[in-house]
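S.K.: Take a look at this one; I'll ask things after.
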């Protein structure tokens with residue numbers, strides 16, 4: 031039995047139905063929104079130049095860094111709390127307003143300094159306009175937390191879809207009419223504004239901020255701990271662009287940043303929405319005294335079953351995929367994409383570890399892993415940048431598995447899961463990907479060189495997908511059946527495994543968040 035937040039106990043089948051509905055809305059809406067964003071991004075990339083994305087990436091180091099400190103965790107504390115009243119909601123609202131107002135001012139002050147650091151005066155103008163983003167965050171974070179607490183994601187799903195359409199249309203229109211890098215600036219601002227309005231309506235957010243923070247110690251402590259974790263995540267996730275920005279040309283930085291954005295699409299755009307469901311679900315399971323180990327094991331296997339073939343396939347077909355999708359002027363990022371894609375399945379596993387500790391009140395573990403990530407990644411990038419873009423790629427190869435090893439060593443004992451069981455769960459997707467790589471590599475050797483990139487990409491993609499599916503179906507049919515059963519599970523079935531865990535943060539999209 032679990033609590034529904036009102037103090038009454040809820041049967042497992044009722045909780046399972048709520049999780050399934052929440053997951054369908056949150057992940058389903060994100061999937062549709064991302065297809066909209068992808069379509070717009072591909073068209074915008076063809077209209078703009080790598081140098082536009084280089085300038086945008088420079089500004090995003092500051093925007094993304096400050097955005098991670100936006101106090102969202104104060105709102106998230108409402109999800110974990112046993113009981114929440116109007117006073118607690120008002121206090122969270124006040125903290126969000128104070129935090130984001132301060133961040134907007136800080137960004138305005140940092141704008142000329144950032145421009146001087148990169149030697150690009152245009153960066154200051156971009157940052158001044160992007161400070162508007164912080165005005166919308168309090169009106170997005172608070173309703174998001176209130177709806178997530180109730181596992182209600184229909185309103186959030188609608189907000190995602192509408193904001194994605196608005197951002198995509200804005201980006202396309204501005205790029206078409208020659209606004210250059212400003213198409214990448216105004217599109218997310220428009221998306222944030224529309225999303226804030228819809229979320230406030232969906233959550234019926236008619237609350238005044240309460241600036242009297244007496245009694246908010248738990249909220250401030252929880253939010254402060256997660257904000258500190260985000261600070262270290264900033265260093266981990268933004269240090270490569272920050273370091274390379276003074277070494278690479280604007281064109282080179284544009285190629286690297288867009289390659290990184292492309293390879294982070296799955297881990298940065300599809301796993302976090304599933305996280306939004308996982309965090310409250312894990313919290314309810316923990317309150318009910320249930321072990322998270324079996325749920326995490328199934329979650330990790332499900333994540334790898336989906337992301338591993340996507341990333342290994344991208345690594346194998348990057349030259350053709352980049353040429354076909356983005357055009358000839360972007361072919362220089364193909365080797366970067368190939369290298370980064372190889373390590374992204376490990377990052378996917380890294381991301382899903384965090385909700386298991388934050389939902390159970392073990393924020394210190396999250397803090398330690400965040401500190402480790404900052405140290406390992408920043409050091410690796412400082413060394414790798416001397417060898418160009420491929421040096422940064424190899425830095426990822428060293429840093430990602432090192433951080434994952436540290437995270438698993440701290441996380442698995444807390445949830446009662448052995449490393450052996452985790453590795454056995456990862457074996458089916460790993461073995462199927464290995465077979466897929468062998469088939470694709472062999473097929474590439476025998477394909478005629480004159481059939482063109484589209485035919486080559488189609489042939490390699492179909493062969494790889496068929497091999498991956500066949501290996502799983504014939505060697506691990508139980509894994510396939512279990513995965514399909516999860517999709518067909520009815521509310522009367524046993525409690526489903528939780529969704530994927532929350533990412534501590536990610537790269538900013540080239541069009542919309």
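Residue numbers (my numbering): 31 to 543. Note that CB positions come from ideal geometry on N, CA and C, so glycine has one too.
1) So is residue 25 buried or exposed if we call it buried at 16+ other beta carbons inside 10 Å?
2) Measuring alpha carbon to alpha carbon, tell me which of 238, 186, 185 ends up nearest residue 123.
3) Starting from residue 287 and walking both ways along the alpha helix (DSSP H), at which residues does that stretch end?
4) Within 6 angstroms: the Cβ of residue 417 and any heavy atom of the ligand PLP?
5) With H, G and I counted as helix, E and B as strand and the rest as coil, what does DSSP make of residue 150?
6) Measuring straight from C-alpha to C-alpha, what distance separates residue 360 and residue 353?
7) Among the candidates 258, 479, 437, 118, whose CA atom is the shortest distance from the CA of residue 240?
8) If you draw a straight line from the alpha carbon of residue 358 to that of residue 344, how long is it in whole angstroms?
9) State whether the region 469-481 contacts the region 431-439, with contact taken as three or more CB pairs (one from each stretch) at a distance under 8 angstroms.
10) Would DSSP call residue 122 helix, strand or coil?
11) For residue 214, which of 277, 72, 266 has the nearest alpha-carbon?
12) Where in the region 193-249 do unbroken runs of the beta strand (DSSP E), each at least 3 residues long, occur, reported from the N-terminal end onward?
13) Please classify residue 326 as buried or exposed, where buried requires at least 16 other C-beta atoms within 10 Å of its C-beta.
14) Considering Cα atoms alone, identify which of 499, 323, 485 is closest to residue 442.
15) Compute the beta-carbon to beta-carbon distance between residue 81 and residue 280, rounded to the nearest angstrom, for a pair I have assumed lies under 8 angstroms.
16) If you draw a straight line from the C-alpha of residue 445 to the C-alpha of residue 386, how long is it?
17) Quick one: using the 10 Å Cβ neighbour count with 16 as the cut-off for buried, is residue 522 buried or exposed?
18) From residue 196 to residue 203, what does the alpha carbon distance come to, in whole angstroms?
19) Please state whether DSSP places residue 102 in a helix, a strand or coil.
20) Taking the alpha carbon of residue 486 as the reference point, which residue from 506, 349, 333, 295 has its own alpha carbon closest?
21) Nearest to residue 376 by CA position, among 185, 498, 417, 341, is which residue?
22) Could you check whether residue 127 and residue 168 sit closer than 7 angstroms to each other, using their CB atoms as the reference points?
23) Return helix, strand or coil for residue 448, following the three-state DSSP convention.
24) Could you give the distance in angstroms between the alpha-carbon of residue 380 and the alpha-carbon of residue 290?
25) Of all the options 165, 143, 166, which has the alpha carbon lying nearest to the alpha carbon of residue 155?
26) On a Cα-Cα basis, can you pick out the residue from 242, 70, 135, 95 that is closest to residue 116?
M.R.: In short, the structure shows the following:
1) Residue 25 lies beyond the residue range present for the chain, which begins at 31 and ends at 543; the question has no answer from this structure.
2) The residue labelled residue 123 in the question sits at position 93 within the chain shown. Relative to the Cα of residue 123, the nearest Cα in the group 238, 186, 185 belongs to 238.
3) By one-based count along the chain shown, residue 287 stands at place 257. Its alpha helix (DSSP H) spans residues 280-293.
4) Summarising the ligand content, the structure contains no ligands, and the ligand PLP is consequently not present.
5) Residue mapping note: residue 150 aligns to position 120 of the chain shown, counting from 1. DSSP places residue 150 in coil when its eight states are reduced to three.
6) Here residue 360 refers to the residue found at position 330 of the chain shown. Here residue 353 refers to the residue found at position 323 of the chain shown. Between residue 360 and residue 353, the C-alpha separation is close to 7 angstroms.
7) Reading the chain shown from its first residue, position 210 is the one you call residue 240. For the residues 258, 479, 437, 118, the minimum Cα distance to residue 240 belongs to 118.
8) Here the question's residue 358 lines up with position 328 in the chain shown. Here the question's residue 344 lines up with position 314 in the chain shown. Using only the alpha carbons, I get a separation of about 17 angstroms.
9) no
10) The sequence position of residue 122 within the chain shown is 92, counting from 1. The three-state secondary structure of residue 122, taken from DSSP, is helix.
11) By one-based count along the chain shown, residue 214 stands at place 184. Comparing Cα-Cα distances from residue 214 to each of 277, 72, 266, the minimum goes to 72.
12) none
13) Sequence index remark: in the chain shown, residue 326 carries index 296 (1-based). Residue 326 comes out buried.
14) Here residue 442 is taken as the residue at index 412 of the chain shown, counted from 1. The shortest Cα separation from residue 442 among 499, 323, 485 belongs to 323.
15) As a working note, residue 81 is residue 51 in the chain shown. As a working note, residue 280 is residue 250 in the chain shown. Indeed, because the Cβ distance is near 5 angstroms, the residues count as touching under 8 angstroms.
16) The residue labelled residue 445 in the question sits at position 415 within the chain shown. The residue labelled residue 386 in the question sits at position 356 within the chain shown. Using only the alpha carbons, I get a separation of about 7 angstroms.
17) Residue mapping note: residue 522 aligns to position 492 of the chain shown, counting from 1. In this prediction, residue 522 has a pLDDT of 32, which is less than 50 and means its spatial position is unreliable; what the coordinates show is noted afterwards. Classification for residue 522: exposed.
18) Taking the chain shown and counting its residues from 1, one reaches residue 196 at position 166. Taking the chain shown and counting its residues from 1, one reaches residue 203 at position 173. Rounded to the nearest angstrom, the two C-alpha atoms are 11 angstroms apart.
19) The residue given as residue 102 occupies position 72 in the chain shown. Residue 102: helix per DSSP, three-state reduction.
20) Residue 486 sits at position 456 when you count from the first residue of the chain shown. For the residues 506, 349, 333, 295, the minimum Cα distance to residue 486 belongs to 349.
21) Locating residue 376 in the chain shown gives position 346, counting from the first residue. Ranking the options by Cα distance to residue 376, first place goes to 341.
22) Translated into positions along the chain shown, residue 168 becomes position 138. Translated into positions along the chain shown, residue 127 becomes position 97. Taking 7 angstroms as the Cβ cut-off, residue 168 and residue 127 qualify as a contacting pair.
23) Here residue 448 refers to the residue found at position 418 of the chain shown. If DSSP states are grouped into helix, strand and coil, residue 448 belongs with coil.
24) Taking the chain shown and counting its residues from 1, one reaches residue 380 at position 350. Taking the chain shown and counting its residues from 1, one reaches residue 290 at position 260. Pairing residue 380 with residue 290, the inter-Cα distance amounts to about 17 angstroms.
25) Here residue 155 is taken as the residue at index 125 of the chain shown, counted from 1. Comparing Cα positions, the closest option is 143.
26) Counting from one through the chain shown, the residue named residue 116 turns up at place 86. The option with the nearest alpha carbon to residue 116 is 242.
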